[in-house]
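Q: Before I ask anything, let me first share the structure, which is written out below as structure tokens.
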Amino acid sequence: GGIGEMLYEGKAKKIFATARPDQVMQYFKDDATAFNAQKRGTIVEKGIVNNKVSERLFKLLEAEGIPTHFIERLSDREMLTKKVTIVPVEVVVRNVVAGSLAKRLGLREGDRIEPAIIEFYYKNDALGDPLVNDDHLRLMKVATPAVLRELRELGHSINTVLKPFFAERKMQLVDFKLEFGVFHNKLVLADEISPDTCRLWDMSTGESMDKDRFRKDMGKIEEAYQEVLRRVCG
Ligand code: C5P
Numbered sequence: 006g007g008i009g010e011m012l013y014e015g016k017a018k019k020i021f022a023t024a025r026p027d028q029v030m031q032y033f034k035d036d037a038t039a040f041n042a043q044k045r046g047t048i049v050e051k052g053i054v055n056n057k058v059s060e061r062l063f064k065l066l067e068a069e070g071i072p073t074h075f076i077e078r079l080s081d082r083e084m085l086t087k088k089v090t091i092v093p094v095e096v097v098v099r100n101v102v103a104g105s106l107a108k109r110l111g112l113r114e115g116d117r118i119e120p121a122i123i124e125f126y127y128k129n130d131a132l133g134d135p136l137v138n139d140d141h142l143r144l145m146k147v148a149t150p151a152v153l154r155e156l157r158e159l160g161h162s163i164n165t166v167l168k169p170f171f172a173e174r175k176m177q178l179v180d181f182k183l184e185f186g187v188f189h190n191k192l193v194l195a196d197e198i199s200p201d202t203c204r205l206w207d208m209s210t211g212e213s214m215d216k217d218r219f220r221k222d223m224g225k226i227e228e229a230y231q232e233v234l235r236r237v238c239g
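Heads up: the sequence shown is residues 6 to 239, going by my numbering.
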């Protein structure tokens, strides 16, 4: 079906209606933001990388029995997906201390976390996506205890698939962020999984191959994204 009206524009993607009411098209932009959109920029061809990397990872997860919103990649920047109702929770899975965890708790960046830990953030731009616990989400009626248990289980299952996949490609999966949606009363993995939403460290050099290069002005941003694409899809 042809492309319909734009339903939503986010920081890195646009969502369009399609001929089918139960499907939408995700368009991946090159726009990059960080620190709750206080820092803005462009990462050339990021949209193409994130679309293709997400396709590969969604297919891998589906093959391992994890339901996702992915239907098919339509073009370099377009992905056809199920139209889900997004659960306003960011599920962060951490295998190694980095980023906000190191800062908040004064932990040493690079220390292994075994078993992996899960954090929930309430998706709300005005509040700056605060860290929340199960009780907060229950209080706000964002999710029931059963849904929270399922989100945590899905986070661990997805990590169990992705960690060795990246390791085989000489990348350490430090941490990543997941979003879920509801489709026909079932939780499915939504949004994207890409160098925008994961921390990936090169296993031989320890170098960042993800959005931290943009956040921290480390240079060689496009090169890092292309290298992740090569290792994941090449
Ligand atoms: O900043 P923090 O250390 O909490 O990020 C943890 C992980 O979640 C990182 O991989 C980061 O890229 C991802 N993340 C994200 N979107 C956000 C916040 C974090 O993709 N809004």
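Note that beta-carbon positions come from the ideal geometry of N, C-alpha and C, so glycine has one too.
Taking just the CA atoms, how far does R99 sit from A107?
A: Working through the sequence shown from its first residue, we reach residue 107 at position 102. Working through the sequence shown from its first residue, we reach residue 99 at position 94. Using only the alpha carbons, I get a separation of about 11 Å.
Q: Can you say whether E10 is buried or exposed, counting buried as having 16 or more other CB atoms within 10 angstroms of its CB?
A: Position 5 of the sequence shown, counted from the first residue, corresponds to residue 10. E10 comes out exposed.
Q: Which value, in whole angstroms, describes the spacing of the CA atoms of V89 and G115?
A: Reading the sequence shown from its first residue, position 84 is the one you call residue 89. Reading the sequence shown from its first residue, position 110 is the one you call residue 115. Cα to Cα, the separation comes out at about 35 Å.
Q: Does the beta-carbon of D81, which I'm using as the reference point, lie nearer than 7 Å to any heavy atom of the ligand C5P?
A: If you number the sequence shown from 1, residue 81 lands on position 76. Answer for D81: no, Cβ out of range of the ligand C5P.
Q: Shortest alpha-carbon distance to N240 belongs to which of T149, D134, K168?
A: No answer is possible for residue 240: the residues shown for the chain start at 6 and end at 239.
Q: Measuring only the C-alpha atoms, how far is K225 from K146?
A: Counting from one through the sequence shown, the residue named residue 225 turns up at place 220. Counting from one through the sequence shown, the residue named residue 146 turns up at place 141. K225 and K146: Cα-Cα distance of roughly 43 Å.
Q: How many whole angstroms separate the CB atoms of E14 and D35, which I take to be in contact at a CB cut-off of 8 Å?
A: The residue you call residue 14 lines up with position 9 of the sequence shown. The residue you call residue 35 lines up with position 30 of the sequence shown. E14 to D35, Cβ: 14 Å. No contact.
Q: Confirm the yes/no value for this check: CB of T73, any heavy atom of the ligand NAD, distance under 7 Å.
A: The ligand NAD is absent from the structure shown, which contains only the ligand C5P.
Q: Can you look up N129 in the DSSP assignment and give me helix, strand or coil?
A: Position 124 of the sequence shown, counted from the first residue, corresponds to residue 129. Coil, per DSSP.
Q: How would you write the range of the beta strand (DSSP E) that E69 sits in, first residue to last?
A: Along the sequence shown, one-based indexing puts residue 69 at 64. It is not in any beta strand (DSSP E) - E69 carries neither H nor E in the DSSP assignment.
Q: Just to confirm my understanding: we take E60, look at its own chain, exclude 5 residues before and 5 after, and list those with CB closer than 6 Å. What are they?
A: Indexing the sequence shown from 1 puts residue 60 at position 55. Here the set comprises R78.
Q: Any chance the CB of K216 is under 7 Å from a heavy atom of the ligand C5P?
A: The count along the sequence shown starts at 1 and reaches residue 216 at position 211. For K216, the distance from the CB to the nearest heavy atom of the ligand C5P is below 7 Å.
Q: Does DSSP classify I20 as helix, strand or coil?
A: Indexing the sequence shown from 1 puts residue 20 at position 15. Residue state, collapsed to three classes: strand.
Q: In the DSSP assignment, find the alpha helix (DSSP H) that holds V193 and state where it starts and stops.
A: Along the sequence shown, read from residue 1 onward, the residue named residue 193 stands at position 188. Careful: V193 lies outside any alpha helix (DSSP H), inside the beta strand (DSSP E) at 191 to 195.
Q: Hey, is K221 close to the ligand C5P, as in C-beta under 7 Å from one of its heavy atoms?
A: The count along the sequence shown starts at 1 and reaches residue 221 at position 216. No; taking the cut-off as 7 Å, the Cβ of K221 has no heavy atom of the ligand C5P nearer than that.
Q: Would you call H141 buried or exposed, if buried means 16 or more other Cβ atoms sit within 10 Å of its Cβ?
A: Position 136 of the sequence shown, counted from the start, is the residue given in the question as residue 141. Answer is exposed; the Cβ neighbour count stays below 16.
Q: Alpha helix (DSSP H) containing Q231: first to last residue?
A: Walking along the sequence shown from the start, residue 231 turns up at place 226. Segment 226 to 238, the alpha helix (DSSP H) holding Q231.
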